[in-house]
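K.L.:
Can you read through this structure? Questions will come right after.
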Amino acid sequence: MTNEAEWIRLAREGNQDAFGRLVVAYQTPVYNLAYRMLGNAAEAEEAAQEAFLRAYTHLRSYDPQRPFRSWLLSIASHHCIDQLRRRRITWLSFEDEIAVPDGSTGLAEVQLASNSPNPEAVVTRREREEQMQQLLAALPPTDRAAITLRYWYDYSYEEIAETLNLTVSAVKSRLYRTRRGLAKMIEGETDDAL
Amino acid sequence: MRCEQAGEMMSARLDDRLDRTEITLLEDHLAGCSACQAEWHRLQALDGLLASAPMVRAPVRLRVQVMARLSRREQARRAIIGSTALALGTVALALLALAPALLGLLDVTGIAPALVIGGPETIVQLLALLGAVGHALLVLAKEFAVPLASLGLCSLMLALALDGLWIGAVRRLRAAH
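Chains as they are written, first to last, in this note's numbering: chain C, 1 to 194; chain H, 1 to 177.
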């Protein structure tokens with residue numbers, strides 16, 4: 001039995017130390033997902049905590065045949081989607097028009113997972129990061145989750161579909177629509193800069 | 001091939017979801033459609049931007065915060081269980097206190113005559129029962145760290161045990177009369 005399987009087994013029996021080990025193992029994937037979804041460090045931290053608490057509460061319903069990471073990220077995704085819907089912002093679908101963010105994306109000073117010794121590279125990376133979060137902030141919650149799972153977690157269409165309770169064909173068309181809309185946004189920004 | 005279909009295939013191409021034949025079809029369309037070529041370049045640029053974005057590392061305090069909230073939640077849960085058990089125990093004790101009146105036994109004999117009628121056998125049984133209840137209380141007190149939960153469960157058990165004793169006494173009395 002792997003360490004993870006043993007931690008899960010102990011955590012299901014109520015061993016909080018074992019659950020703490022699972023938190024350490026998965027805190028960055030869960031936090032990154034929350035940050036990419038919510039675009040704000042403080043909210044991401046709160047959402048990541050809540051996702052772990054929900055996972056602990058529902059640990060008995062976890063199927064050990066399924067990867068724990070997928071199960072955990074599914075909980076985090078749904079929680080973040082709920083949080084975004086509570087913001088009561090009207091998201092525009094890329095089928096109609098591109099939702100351009102107002103610039104107040106709530107970007108926080110975050111520590112990226114890669115080292116960046118060169119100050120110039122740090123500035124460039126920061127700018128790209130801001131551009132990234134502005135793009136994501138324009139997306140409706142489910143599209144944002146689909147793009148996040150595709151790019152940061154290398155999820156297949158099938159995995160995204162299972163995580164977000166969508167069909168595979170819906171995932172495929174969503175990714176296409178979202179990419180096309182985002183690409184137009186980038187083009188628009190480039191045109192504005194000229 | 002229509003441009004809409006080509007667009008979907010471009011997206012699938014970025015995800016390595018096309019087979020060799022579909023890739024050839026797409027490339028043939030791109031070779032003859034400047035609008036789709038431009039879109040393909042845009043999608044590739046976007047793909048590069050998204051694919052190069054790093055994971056954002058979780059703050060080091062996250063584990064401590066999760067465990068602290070978990071601990072608080074567990075305490076609250078135990079307090080609710082304890083309160084419920086305490087309430088049930090109190091109700092059971094109240095019913096126990098009212099049982100003689102409800103059964104009309106006080107008019108007939110009362111509890112002391114019941115023990116007298118039962119004789120030494122009843123007293124031995126009573127002591128054995130109290131011993132068992134005491135042992136159970138000790139085990140519960142060790143098992144549940146929250147005093148309220150222990151108190152609630154103990155009172156419930158005590159009430160149930162005494163209820164059992166009452167029922168036994170009543171049967172003996174009725175048999176004696």
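Ideal Cβ placement from N, Cα and C applies to all residues, glycine included.
Roughly how many angstroms separate the alpha carbons of glutamate 129 of chain C and tyrosine 62 of chain C, rounded to a whole number?
P.N.:
C-alpha separation (whole angstroms): 34 Å.
K.L.:
Quick check on this structure: which residue in C:Arg144, C:Thr124, C:Leu73 has the alpha carbon closest to the alpha carbon of phenylalanine 52 of chain C?
P.N.:
Of the candidates C:Arg144, C:Thr124, C:Leu73, the one whose C-alpha sits nearest the C-alpha of phenylalanine 52 of chain C is C:Leu73.
K.L.:
Please report the Cβ distance between threonine 28 of chain C and alanine 58 of chain H, rounded to the nearest whole angstrom; I am assuming they are in contact, meaning their Cβ atoms lie under 8 Å.
P.N.:
Right, the Cβ-Cβ distance comes to about 5 Å (below 8 Å), so this counts as a contact.
K.L.:
For leucine 182 of chain C, which residues in chain H fall below 7 Å Cβ to Cβ?
P.N.:
Going along chain H in sequence order, the residues near leucine 182 of chain C (Cβ under 7 Å) are Leu46.
K.L.:
Distance cutoff 7 Å, beta carbons only. Does glutamine 5 of chain H sit that close to anything in chain C?
P.N.:
Cβ-Cβ to chain C under 7 Å: no for glutamine 5 of chain H.
K.L.:
Can you grab the Cα-Cα spacing for the pair cysteine 3 of chain H / glutamate 22 of chain H, in whole Å?
P.N.:
Taking the straight line from one Cα to the other gives about 14 Å.
K.L.:
Using a 10 Å radius around the Cβ and a threshold of 16 neighbouring Cβ atoms, would you call threonine 167 of chain C buried or exposed?
P.N.:
Threonine 167 of chain C should be labelled exposed.
K.L.:
Report yes or no: do three or more beta-carbon pairs, one from the region 14 to 33 of chain C and one from the region 32 to 51 of chain H, lie closer than 8 Å?
P.N.:
Contact between the region 14 to 33 of chain C and the region 32 to 51 of chain H is absent, because fewer than three Cβ pairs lie under 8 Å.
K.L.:
Whole angstroms are fine: how far does the CA of glycine 164 of chain H sit from the CA of glutamate 121 of chain H?
P.N.:
Rounded to whole angstroms, glutamate 121 of chain H to glycine 164 of chain H spans 16 Å at the Cα level.
K.L.:
Using a 10 Å radius around the Cβ and a threshold of 16 neighbouring Cβ atoms, would you call glycine 152 of chain H buried or exposed?
P.N.:
Its Cβ being crowded by 16 or more others within 10 Å, glycine 152 of chain H is buried.
K.L.:
Taking alanine 76 of chain H as the query, report the chain C residues whose CB atoms sit under 9 Å from its CB, ordered along the chain.
P.N.:
Simply none; closest approach about 12 Å.
K.L.:
Short of 7 Å in beta carbon distance, which residues of its chain neighbour histidine 29 of chain H, apart from the five on each side in sequence? Order them along the chain.
P.N.:
Met1, Ala6, Cys36, listed in sequence order.
K.L.:
In angstroms, rounded to a whole number, what distance separates the CA positions of histidine 5 of chain C and phenylalanine 68 of chain C?
P.N.:
The identity of residue 5 of chain C in the sequence shown is alanine, whereas the question assumes histidine. Distance between the alpha carbons of alanine 5 of chain C and phenylalanine 68 of chain C is about 9 Å.
K.L.:
Does DSSP classify aspartate 102 of chain C as helix, strand or coil?
P.N.:
Residue confidence is low: aspartate 102 of chain C scores 39 on pLDDT, short of 50, so the model does not pin down where it sits. Its coordinate-derived value is still stated next. The answer is coil: DSSP assigns aspartate 102 of chain C none of H, G, I, E or B.
K.L.:
I want to verify the contact list: residues of chain H whose CB lies under 7 Å from the CB of asparagine 32 of chain C, in sequence order.
P.N.:
In chain order: Met55, Val56.
K.L.:
Exposed or buried, asparagine 32 of chain C, counting other C-beta atoms within 10 Å across all chains shown (16 or more means buried)?
P.N.:
With 16 or more other Cβ atoms within 10 Å, it is buried.
K.L.:
In terms of residue numbering, what span does the alpha helix (DSSP H) encompassing methionine 132 of chain C cover?
P.N.:
Taken as a continuous stretch (DSSP letters only), the alpha helix (DSSP H) holding methionine 132 of chain C covers 119 to 137.
K.L.:
Grab me the residues of arginine 61 of chain H's own chain with a C-beta within less than 6 Å of its C-beta, minus the 5 sequence neighbours each way, in chain order.
P.N.:
Within the same chain, arginine 61 of chain H has no close Cβ partners at all.
K.L.:
How would you call aspartate 19 of chain H, buried or exposed, if buried means at least 16 neighbouring beta carbons within 10 angstroms?
P.N.:
Label assigned to aspartate 19 of chain H: exposed.
K.L.:
Listed from N- to C-terminal order along the chain, which residues in the region 14 to 47 of chain H have their beta-carbon within a distance smaller than 8 Å of any beta-carbon of chain C?
P.N.:
The residues in question are Leu14, Asp15, Arg17, Glu39, Arg42, Leu43, Ala45, Leu46, Asp47.
K.L.:
Here's a check: name, in chain order, each residue in its chain whose Cβ is nearer than 7 Å to the Cβ of proline 157 of chain C, leaving out the five neighbours to either side.
P.N.:
As written in the sequence, residue 157 of chain C is tyrosine, which differs from the proline given in the question. Excluding sequence neighbours, tyrosine 157 of chain C sits near Val168, Val171, Lys172.
K.L.:
Does chain C have any CB closer than 7 Å to the CB of leucine 62 of chain H?
P.N.:
It does; some Cβ of chain C falls within 7 Å.
K.L.:
Rounded to whole angstroms, what's the CA-CA distance from tyrosine 176 of chain C to arginine 13 of chain H? Just pull it up for me.
P.N.:
So the two alpha carbons sit approximately 11 Å from each other.
K.L.:
Considering just the uninterrupted stretch of the alpha helix (DSSP H) at proline 29 of chain C, what are its terminal residues?
P.N.:
Residues 16 to 38.
K.L.:
Does any C-beta atom of chain C lie closer than 7 Å to the C-beta of valine 91 of chain H?
P.N.:
Not closer than 7 Å to any Cβ of chain C, the Cβ of valine 91 of chain H fails to qualify, so no.
K.L.:
Between C:Val30, C:Asn118, C:Leu59, C:Thr163, which lies nearest to glutamate 45 of chain C when the distance is taken from Cα to Cα?
P.N.:
Looking at the Cα atoms, C:Val30 is the closest of the given residues.
K.L.:
Does glutamate 13 of chain C pass the burial test, meaning 16 or more other C-beta atoms within 10 Å, or should it be called exposed?
P.N.:
It counts as exposed.
K.L.:
Check the Cβ of methionine 37 of chain C against every Cβ in chain H and list those closer than 7 Å, keeping chain order.
P.N.:
The contacting residues do not exist; methionine 37 of chain C stays about 11 Å from chain H at best.
K.L.:
Under 9 Å between beta-carbons, which chain H residues line up against glutamine 49 of chain C? List them in chain order, please.
P.N.:
Those within 9 Å of glutamine 49 of chain C in chain H are Leu62, Gln65, Val66, Arg69.
K.L.:
Any beta carbon from chain H within less than 7 Å of phenylalanine 52 of chain C's own beta carbon?
P.N.:
So, interface residue.
K.L.:
Report all residues from its chain with a CB closer than 8 Å to the CB of leucine 25 of chain H; omit the five preceding and five following residues, and keep chain order.
P.N.:
Here the set comprises Met1, Met9.
K.L.:
What's the gap between the Cα of glycine 32 of chain H and the Cα of aspartate 16 of chain H?
P.N.:
Their Cα atoms are separated by approximately 22 Å.
K.L.:
Using the three-state DSSP reduction, which class does asparagine 3 of chain C fall into: helix, strand or coil?
P.N.:
Helix, per DSSP.
K.L.:
Which residues, in order along the region 52 to 72 of chain C, keep a beta-carbon less than 7 Å from a beta-carbon of chain H?
P.N.:
Within the region 52 to 72 of chain C, the residues whose Cβ lies closer than 7 Å to some Cβ of chain H are Phe52, Leu53, Tyr56, listed in chain order.
K.L.:
When you compare the CB of threonine 28 of chain C with every CB in chain H, is at least one pair closer than 7 Å?
P.N.:
Interface residue, yes.
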